[in-house]
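To start, the structure itself, in structure tokens.
In this note's numbering, the protein residues as written are 17 to 103.
Encoded structure:
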């Protein structure tokens with residue numbers, strides 16, 4: 017199974033990545049801002065078109081979203097963690 021993990025370098029994502037990597041049936045592509053991500057991409061600053069092209073190229077069967085903002089005011093956190101994910 018081809019799995020794309022968003023936020024692979026974050027607090028939650030690194031634990032999810034470890035679990036997925038332990039499963040031999042999973043082909044994992046890790047997307048994150050850190051140096052150890054398979055693909056470096058900042059979801060907050062990257063263009064939607066670039067992300068669409070990437071998704072078309074990787075063609076994952078499953079997308080796991082562990083990306084999210086952890087700092088900022090309530091309005092910014094809502095925009096980054098709720099509204100952005102829904103669109």
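Glycine residues also receive a C-beta, built at the ideal position from the N, C-alpha and C atoms. Treat the numbers as computed from the prediction; the structure is a model and nothing was measured.
| query | result |
| --- | --- |
| Three-state secondary structure (DSSP) at residue 45? | strand |
| In whole angstroms, what separates the C-alpha of residue 67 from that of residue 80? | 15 Å |
| Pick out whichever of 82, 24, 94, 92 has its Cα sitting closest to the Cα of residue 50. | 24 |
| Under 8 Å, do residue 78 and residue 43 count as touching if we go by C-beta distance? | no |
| Residue 85 and residue 22 look like a contact to me (Cβ under 8 Å); what is the Cβ gap, rounded to whole Å? | The pair is not a contact, with the Cβ atoms about 13 Å apart (cut-off 8 Å). |
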